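**Student:** Have a look at the structure that comes next, please.
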Amino acid sequence: MKTKSQKRWSLVANIVLSVSSFLALMPFLLLIIASFTDEEVAMTDGYTYFPAKWSLAAYDYIVGQAAMIGRAYGMTIITTLIGTSAGIVITALFAYMLAQRKLPGRKLLNFYVVFTMLFNGGLVPTYIMYVGTFHVKNTIWGLIIPNMLINGFMIMLVRNYFENSIPEELYEAARIDGASEYYNFFHIALPLSVPILATVGLMTGIAYWNDWQNGLYYLDDKGKHLYTIQNILNNINTNIAFLASNATAGVNLADLPTTTVRMAIAVVGILPILIIYPFFQKYFAKGLTMGAVKG
Amino acid sequence: MERKRKKTGGSGSFLHWLPFYLMGLPGIIYLFINNYLPLAGLQIAFKNFNYGKGMWKSSWAGFKNFKFLFKTNDALIMIRNTLCYNVVWILLGMVVGVTAAILINEVLSKTAKKFYQTIILLPYLMSMVVIAYLAYAYLSPTSGLFTKIIENITGTAPAFYQESKWWPFILTFINQWRGIGFGMILYLSSILGIDPAYYEAARLDGASKWQQHKLITIPLLKPTIIMLFILNLGQIFRSDFGLFYQVPMNQGKLFSVTQTIDTYVYRALLQLNDVGMSSAASFIQSVVGFLFIVTANKIVSKLDENSALF
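Residue numbers (my numbering), protein chains in the order written: chain H, -10 to 284; chain F, -2 to 307.
This is the structure:
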């Protein structure tokens, strides 16, 4: 039996959270409607929830520019796939090593990871090193490697899981049967830690999909062919002329439905996330809470 | 699999551990390159850096870069902005997060609970570039929704991207709008850990819901609240580069309220090509930020060893 007070609180909570949900969604709705608004109307009336005239012109333009947008999409997918899979493998292997309680030098290696969470050289030395020593400027590696591949938090998260959720006896039994350490890792540790690795993969994947900073730092005018969707959005944001100068045919900036096209490109960029988000929401929430308060 | 564990491969021998070290090697190398090598570059802050000569051959400058940096107004502005926004947002985020967590826990329907959580967390999933577009839809000088509405009422269109007075509020709103879902699930996971027996006992004693939250939920959340508060304070010298760079569209007229250490370091390095000033600011951020984090962690480990980073 629910008491009266419980019902009253539930009602208040429902109202407040409905309003919050509404506020969370409204900007996305405006973005989507803006992308379907007629260019003229968008210019005179501005972006509104109830445009006087709807239009698909912005999407027509995008389809016409499929080469540029499609290529950027491809770049986003490639960097996300490479970065995420490499990141998971390296993180899991590293964490597996750290999880060996008797490993000589374990304390030192732990500190080696923790220190990276406390102190970093900052943008200037990192940038100068990656550009000057490793020549990642205007290469795909500039999008994948700097600051993104693995991080201390994730390593510690997976290490804790290996330590606490997989009984040492399983390995011992396998070892007695003659299994190598690699066998133990691939056939015992990995299958048993799918939940945590999925969470790490999800967080890393989102980070890659959303990343625009590496593109901002490590791609300049000569690296435009490597732009991801986020880099294109970033560029249009500060420089709407980017659309005209990078169009396949000689497009005049004045002819471009820029007011609505920028919104349409943003919609195209977030669509995949919006579609799959409800399905992985649970893991996303889990990953966030684990990352913030350990364990 | 064929390989039997040899007698010599006991837990003390190097050969026994070699496979593990090999597994860790890629990660060790990556962290070395990404996190340790740049530390050598901290010296750039004390040099007259020259791209042609490189880091090691550039001549020493002593504290010249720092002196120049603090002669400008920029240093004061960016440090003030970084600290002030952080303090206000940490406190606000705490209140909003705890409130939202308590409320969502009171929702009786499980489906509704899941629905709210999914929707409210959505903005946290978006990149700052996308959020800048969302803001632009409301604030655009020619076609923003708010711009048009205010123009219709007052007769003059506000130039959001030219007037700094709006931005402390805009940035604060966006920060909270984006972060509320995150704060909510964070505190919710703590609330769910509270033993229901406490509430049961309180109900039997006739405590109202309000009293239950005041006397049970909040006191039992206190350790989590304090912990997150201190951990956040540890990050007080860092700022969300995306929020301060993307959302105000990199507009110079807004720098007095949108410039933080991170945006300054970026602009000085890649837009003004002033490696000296940039590296000086970057150096200060690294070192002071480190002191903050270490202090915060010391305090946290005193309060609760399990929550500390080290």
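Backbone N, C-alpha and C fix where the C-beta goes; we use that ideal spot for every residue, glycine too. Computed from a predicted model, the values in this text were never measured in an experiment.
Quick check on this structure: which residue in Met137(H), Met118(H), Asp210(H) and Ala13(H) has the alpha carbon closest to the alpha carbon of Ile71(H)?
**Tutor:** With distances taken between Cα atoms, Ile71(H) lies closest to Met137(H).
**Student:** At which residues does the alpha helix (DSSP H) containing Phe11(H) begin and terminate?
**Tutor:** From DSSP, the alpha helix (DSSP H) with Phe11(H) extends over Lys(-7) to Ser24.
**Student:** For a test of the three-state rule: what should DSSP assign to Trp201(H), helix, strand or coil?
**Tutor:** In the structure shown, Trp201(H) sits in coil (DSSP, three-state: anything other than H, G, I, E or B).
**Student:** Can you check DSSP and say which residues form a bridge with Asn45(F)?
**Tutor:** DSSP, once it has assigned bridges, lists Ser56(F) as partnering Asn45(F).
**Student:** Please report the straight-line C-alpha distance between Gly203(F) and Ala255(H), rounded to a whole angstrom.
**Tutor:** Rounded to the nearest angstrom, the two C-alpha atoms are 54 Å apart.
**Student:** Please report the distance separating the alpha-carbon of Asn149(H) from that of Met279(H).
**Tutor:** Computed Cα separation, rounded: 11 Å.
**Student:** Considering only their Cβ atoms, is the gap separating Phe179(F) from Ile87(F) smaller than 8 Å?
**Tutor:** It is not a contact, given that the beta carbons lie outside the stated cut-off.
**Student:** Where DSSP assigns a beta bridge to Trp43(H), which residues make up the other side?
**Tutor:** Partner(s): Thr26(H).
**Student:** Under a three-way DSSP split, which group does Phe193(F) fall into?
**Tutor:** The amino acid at residue 193(F) is misidentified as Phe; the sequence shows Pro. Looking at Pro193(F) - three-state DSSP - the assignment turns out to be helix.
**Student:** Measure the CB-CB distance between Ala277(F) and Leu66(F) and report whether it falls below 8 Å.
**Tutor:** Yes. Within cutoff.
**Student:** Hey, how far is the Cα of Asp166(H) from the Cα of Pro16(F)?
**Tutor:** Whole-angstrom Cα-Cα distance: 18 Å.
**Student:** The alpha helix (DSSP H) that contains Pro216(F), what's its start and end?
**Tutor:** Ile215 to Gly231 is the extent of the alpha helix (DSSP H) around Pro216(F).
**Student:** Considering only the alpha carbon of each residue, which of Ser74(H), Phe39(H), Lys(-4)(H) and Ile67(H) lies closest to Ser106(F)?
**Tutor:** Residue Lys(-4)(H) is the option with its Cα nearest to Ser106(F).
**Student:** For the region 137 to 153 of chain F, list every residue whose C-beta sits within 8 Å of some C-beta in chain H, in sequence order.
**Tutor:** Cβ contacts with chain H: Ser137, Thr139, Ser140, Gly141, Leu142, Thr144 and Lys145.
**Student:** So, for Met192(H): in the same chain, excluding its five sequence neighbours on each side, which residues have a beta-carbon less than 6 Å away from its beta-carbon?
**Tutor:** Correct list, in chain order: Gly276.
**Student:** Using the beta-carbon count (16 or more within 10 Å), is Leu142(F) buried or exposed?
**Tutor:** Result: buried.
**Student:** For a test of the three-state rule: what should DSSP assign to Thr65(H), helix, strand or coil?
**Tutor:** In this structure, Thr65(H) counts as helix in the three-state DSSP scheme.
**Student:** Three or more C-beta pairs closer than 8 Å, one from the region 161 to 178 of chain F and one from the region 244 to 263 of chain F: is that the case here?
**Tutor:** Yes, the region 161 to 178 of chain F is in contact with the region 244 to 263 of chain F.
**Student:** Any idea if Arg264(F) is buried or exposed, counting beta-carbon neighbours within 10 angstroms, 16 or more meaning buried?
**Tutor:** Its Cβ being crowded by 16 or more others within 10 Å, Arg264(F) is buried.
**Student:** Can you find a CB in chain H that lies within less than 8 Å of the CB of Glu302(F)?
**Tutor:** No, Glu302(F) does not count as interfacial toward chain H.
**Student:** Exposed or buried, what is Ala178(H) when buried is set at 16 or more other beta-carbons lying within 10 Å of its beta-carbon?
**Tutor:** Buried: at least 16 other Cβ atoms inside 10 Å.
**Student:** Hey, is Tyr196(F)'s beta-carbon within less than 8 Å of any beta-carbon in chain H?
**Tutor:** No, its Cβ sits nowhere closer than 8 Å to a Cβ of chain H.
**Student:** Within a Cβ cutoff of 6 Å, which residues of the same chain sit near Ile51(H), ignoring the five residues on either side of it in sequence?
**Tutor:** Only Ile58 and Ala253 meet the Cβ criterion.
**Student:** Under 8 Å, do Val262(F) and Val120(H) count as touching if we go by C-beta distance?
**Tutor:** The answer is no: Cβ separation not under 8 Å.
**Student:** Quick one: list the residues of chain H neighbouring Met313(F), beta-carbon separation under 7 Å, in chain order.
**Tutor:** Only positions -2 to 307 of chain F appear in this structure, which leaves residue 313(F) out of reach.
**Student:** Can a CB atom of chain H be found closer than 8 Å to the CB of Ala129(F)?
**Tutor:** It does; some Cβ of chain H falls within 8 Å.
**Student:** Considering just the uninterrupted stretch of the alpha helix (DSSP H) at Pro23(F), what are its terminal residues?
**Tutor:** Counting along the chain, the alpha helix (DSSP H) containing Pro23(F) begins and ends at Phe11 to Leu28.
**Student:** Considering Lys68(F), what are the terminal residues of the alpha helix (DSSP H) in which it resides?
**Tutor:** Counting along the chain, the alpha helix (DSSP H) containing Lys68(F) begins and ends at Lys61 to Lys68.
**Student:** In terms of residues, what are the limits of the alpha helix (DSSP H) holding Pro114(H)?
**Tutor:** Start and end: Leu112 to Gly121.
**Student:** Can you check whether the C-beta of Trp(-2)(H) is within less than 8 Å of a C-beta belonging to chain F?
**Tutor:** Taking Cβ atoms only, chain F reaches closer than 8 Å to Trp(-2)(H), which makes this a yes.
**Student:** Should Arg251(H) be flagged as near chain F, meaning a C-beta pair shorter than 8 Å?
**Tutor:** Closer than 8 Å to some Cβ of chain F, the Cβ of Arg251(H) qualifies, so yes.
**Student:** Going along the chain, which unbroken runs of the beta strand (DSSP E) with 3 or more residues stay wholly within the region 141 to 224 of chain H?
**Tutor:** If we require 3 residues or more, the region 141 to 224 of chain H turns out to have no beta strand (DSSP E) run fully inside it.
**Student:** Near Tyr62(H), which residues of its chain fall below 7 Å by C-beta distance, leaving aside the five closest residues on each side in sequence?
**Tutor:** Excluding positions up to five away in sequence, the list reads Ile218.
**Student:** Only counting the same chain, and skipping five residues up and downstream in sequence, which positions put a Cβ closer than 6 Å to that of Phe25(H)?
**Tutor:** Hits under 6 Å: Trp43.
**Student:** Inspect the beta-carbon positions of Ile41(F) and Ile258(F) and report whether they are closer than 8 Å.
**Tutor:** It is not a contact, given that the beta carbons lie outside the stated cut-off.
**Student:** Is there at least one Cβ from chain F nearer than 8 Å to Trp308(H)'s Cβ?
**Tutor:** In the structure as shown, chain H starts at -10 and stops at 284, and residue 308(H) therefore has no counterpart that could be examined.
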